[in-house]
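*Asks:* Below is one structure. I have some questions about it.
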Amino acid sequence: MWKAILLVFLGSCSYGMLSTIVKFAYEAGFEPGEVVGAQNLFGTLISLALVLLISRKKMSPRQWIALLLVGLTTGSTGIFYYNSLQTVPASIAIVLLFQFTWMGVILEAVLNRKRPSREKAISIVLLLIGTGLASGIAGVGTLDLPVMGVALGLLSAVTYTGFIYFSGKVSTEVPALNRTFLMNLGGFILVSIYHTPSFLWNGALGEGLWKYALLVGILGVVLPTLCFNYGIPKLGTGLGAIIGAAELPVAVIMSAVLLHEGVSPLQWAGVLVILFGIAYPHLRRKPGSIMRSEK
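In the numbering used here, the protein residues as written are 4 to 298.
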């Protein structure tokens with residue numbers, strides 16, 4: 004049980020490191036479409052290599068199709084979120100994306116026909132407060148936000164919730180490595196349709212894009228998908244979504260340490276609130292009781 008919690012936490016932290024590396028890639032002159040496309044290509048190739056080396060399990064056509072379709076949730080999350088960033092401030096976009104925390108709990112409650120526990124409800128409130136503080140939205144002031152930008156940000160939260168849910172439900176009998184490869188392949192196909200993979204022939208890879216693509220491919224595609232595929236089936240959608248909130252504190256810490264961006268005391272307070280919100284459901288329970296409450 005605790006191994007599953009640590010794996011999902013690790014996957015979420017991996018996502019949190021992603022934004023800092025992407026900013027370095029943008030500063031190097033690469034376009035968003037190039038970075039996203041190369042990220043998904045490298046992630047898919049690394050996943051394929053792991054499958055060929057470690058887990059060559061045969062799968063049915065039905066399993067292939069199902070897992071490829073799950074991969075569409077990861078690809079669409081990136082598309083919706085990056086398009087939202089074009090019209091709304093980053094602090095607002097991250098708050099919109101992080102609505103997946105309560106969406107996951109509500110989705111699980113509806114499908115299981117069971118009210119969320121008191122611990123989960125309190126945790127969600129803490130996460131939403133912490134997200135507002137850590138994102139810097141408290142200092143933004145009054146904004147006239149475009150409806151389309153807000154809608155895209157919320158759609159990214161919906162598709163990310165879908166990724167967390169389907170990671171724990173679809174073809175769970177298939178080894179995690181194989182599931183990771185097919186999900187990543189599905190995401191790469193969708194991103195390639197939306198963003199023409201011009202980086203393959205315009206020379207961007209030789210100009211240094213490959214270095215960033217390798218890092219974001221591992222941190223943004225391979226590692227989190229693999230960790231979620233191992234951990235979410237054991238935790239459930241609601242608890243998985245709560246632990247997934249670790250992404251934002253890591254993003255704030257990375258931006259402060261590597262990008263030397265100013266982080267206000269309110270933002271640091273938000274980081275602490277989020278970390279406490281993640282830990283809260285586990286603090287008053289004995290080992291194994293979390294799993295029993297999910298069943």
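All residues carry an ideal CB built from backbone N, CA and C; glycine is no exception.
Counting pairs of Cβ atoms below 8 Å between the stretch 12 to 31 and the stretch 149 to 167, do you hit three or more?
*Replies:* No contact exists between the stretch 12 to 31 and the stretch 149 to 167.
*Asks:* For Leu114 and Leu148, what's the separation of their Cα atoms in angstroms?
*Replies:* One-based indexing of the sequence shown puts residue 114 at position 111. One-based indexing of the sequence shown puts residue 148 at position 145. Near 33 Å, if we compare the C-alpha coordinates of Leu148 and Leu114.
*Asks:* Considering Trp5, what are the terminal residues of the alpha helix (DSSP H) in which it resides?
*Replies:* On the sequence shown, position 2 is the one that residue 5 refers to. Residues 5 to 30.
*Asks:* Pull up the distance between the alpha-carbon of Asn205 and that of Leu212, whole angstroms please.
*Replies:* As a first step, residue 205 must be located in the sequence shown, where it is residue number 202. As a first step, residue 212 must be located in the sequence shown, where it is residue number 209. Answer to the nearest angstrom: the Cα atoms are 11 Å apart.
*Asks:* Classify Ile246 as buried or exposed, calling it buried when 16 or more other Cβ atoms lie within 10 Å of its own Cβ.
*Replies:* Taking the first residue of the sequence shown as position 1, residue 246 is located at position 243. When all chains shown are included, Ile246 counts as buried.
*Asks:* Considering just the uninterrupted stretch of the alpha helix (DSSP H) at Ala112, what are its terminal residues?
*Replies:* As a working mapping, residue 112 is identified with position 109 in the sequence shown. Ala112 -> alpha helix (DSSP H) spans 103 to 115.
*Asks:* Under DSSP, the alpha helix (DSSP H) around Glu250 begins and ends at which residues?
*Replies:* Start at 1 with the first residue of the sequence shown, and residue 250 comes out as number 247. Run containing Glu250: 250 to 260, per the alpha helix (DSSP H) assignment.
*Asks:* Cβ atoms of Ile57 and Gly220: under 7 Å apart, would you say?
*Replies:* Sequence index remark: in the sequence shown, residue 220 carries index 217 (1-based). Sequence index remark: in the sequence shown, residue 57 carries index 54 (1-based). Cβ distance not < 7 Å, so Gly220 and Ile57 don't count as in contact.
*Asks:* So the candidates are Val255, Ala112, Leu238; which of them puts its Cα closest to the Cα of Tyr1?
*Replies:* As shown, the chain starts at 4 and ends at 298. That puts residue 1 outside it, with no answer to give.
*Asks:* Give me the Cα-Cα distance between Met257 and Val266, rounded to the nearest whole angstrom.
*Replies:* Working through the sequence shown from its first residue, we reach residue 257 at position 254. Working through the sequence shown from its first residue, we reach residue 266 at position 263. Between Met257 and Val266, the C-alpha separation is close to 11 Å.
*Asks:* Quick one: Cα of Phe279 to Cα of Tyr215, how far?
*Replies:* As a first step, residue 279 must be located in the sequence shown, where it is residue number 276. As a first step, residue 215 must be located in the sequence shown, where it is residue number 212. C-alpha separation (whole angstroms): 32 Å.
*Asks:* Measuring CA to CA, which of Lys117, Arg116, Ala41 is closest to Phe191?
*Replies:* In the sequence shown, counting from the first residue as 1, residue 191 sits at position 188. Taking only the C-alpha atoms, the option nearest Phe191 is Ala41.
*Asks:* Do you know offhand how far Val153's Cα is from Ser79's?
*Replies:* Working through the sequence shown from its first residue, we reach residue 153 at position 150. Working through the sequence shown from its first residue, we reach residue 79 at position 76. Answer to the nearest angstrom: the Cα atoms are 16 Å apart.
*Asks:* Let's see if you can read the secondary structure: which residues bound the alpha helix (DSSP H) around Leu88?
*Replies:* On the sequence shown, position 85 is the one that residue 88 refers to. Counting along the chain, the alpha helix (DSSP H) containing Leu88 begins and ends at 64 to 88.
*Asks:* Indicate whether the contact test is met: 3 or more Cβ pairs, each with one atom in the stretch 168 to 182 and one in the stretch 59 to 71, closer than 8 Å.
*Replies:* The stretch 168 to 182, when compared against the stretch 59 to 71, does touch it at the 8 Å Cβ threshold.
*Asks:* Is Ser159 near Tyr84, with beta carbons less than 7 Å apart?
*Replies:* Numbered from its first residue, the sequence shown carries residue 159 at position 156. Numbered from its first residue, the sequence shown carries residue 84 at position 81. Going by C-beta atoms, Ser159 is nearer than 7 Å to Tyr84.
*Asks:* Return the chain-ordered ranges of every alpha helix (DSSP H) run that is complete within the stretch 132 to 206 and spans a minimum of 4 residues.
*Replies:* If we require 4 residues or more, the alpha helix (DSSP H) runs fully inside the stretch 132 to 206 come out as 150 to 170, 179 to 197.
*Asks:* One question on the structure: do Ile235 and Gly243 come within less than 7 Å of each other, judged by their Cβ atoms?
*Replies:* Locating residue 235 in the sequence shown gives position 232, where the first residue counts as 1. Locating residue 243 in the sequence shown gives position 240, where the first residue counts as 1. Yes. Within cutoff.
*Asks:* Out of curiosity, what's the CA-to-CA distance linking Leu218 and Pro35?
*Replies:* As a working mapping, residue 218 is identified with position 215 in the sequence shown. As a working mapping, residue 35 is identified with position 32 in the sequence shown. Whole-angstrom Cα-Cα distance: 15 Å.
*Asks:* Inspect the beta-carbon positions of Gly81 and Val39 and report whether they are closer than 7 Å.
*Replies:* Indexing the sequence shown from 1 puts residue 81 at position 78. Indexing the sequence shown from 1 puts residue 39 at position 36. Yes, Cβ-Cβ distance for Gly81 and Val39 is below 7 Å.
*Asks:* Could you tell me which of Ala112, Pro200, Val173 sits nearest to Phe45, measuring between CA atoms?
*Replies:* Here residue 45 refers to the residue found at position 42 when the sequence shown is read from its first residue. The residue with the shortest Cα to Cα distance from Phe45 is Pro200.
*Asks:* Let me know the secondary structure DSSP gives Lys123 once reduced to three states.
*Replies:* Translated into the one-based positions of the sequence shown, residue 123 becomes position 120. Here Lys123 sits in helix by DSSP.
*Asks:* For Val260, count the other beta carbons within 10 Å of its own beta carbon; 16 or more makes it buried, fewer makes it exposed. Which is it?
*Replies:* Indexing the sequence shown from 1 puts residue 260 at position 257. Under this definition Val260 is an exposed residue.
*Asks:* Which two residues bound the contiguous alpha helix (DSSP H) that contains Pro227?
*Replies:* For this step, residue 227 is matched to residue 224 along the sequence shown. That run of the alpha helix (DSSP H) goes 226 to 238.
*Asks:* Whole-angstrom Cβ separation of Ser138 and Leu251, contact assumed at under 8 Å?
*Replies:* As a position in the sequence shown, residue 138 is number 135, starting the count at 1. As a position in the sequence shown, residue 251 is number 248, starting the count at 1. The Cβ separation is near 7 Å, so the contact holds.
*Asks:* What are the boundary residues of the alpha helix (DSSP H) that His263 is part of?
*Replies:* On the sequence shown, position 260 is the one that residue 263 refers to. Where His263 is concerned, there is no enclosing alpha helix (DSSP H), given that its DSSP letter is neither H nor E.
*Asks:* Just how far apart, CA to CA, sit Arg116 and Leu208?
*Replies:* For the purposes of this step, residue 116 is taken as the residue at position 113 of the sequence shown. For the purposes of this step, residue 208 is taken as the residue at position 205 of the sequence shown. Whole-angstrom Cα-Cα distance: 49 Å.
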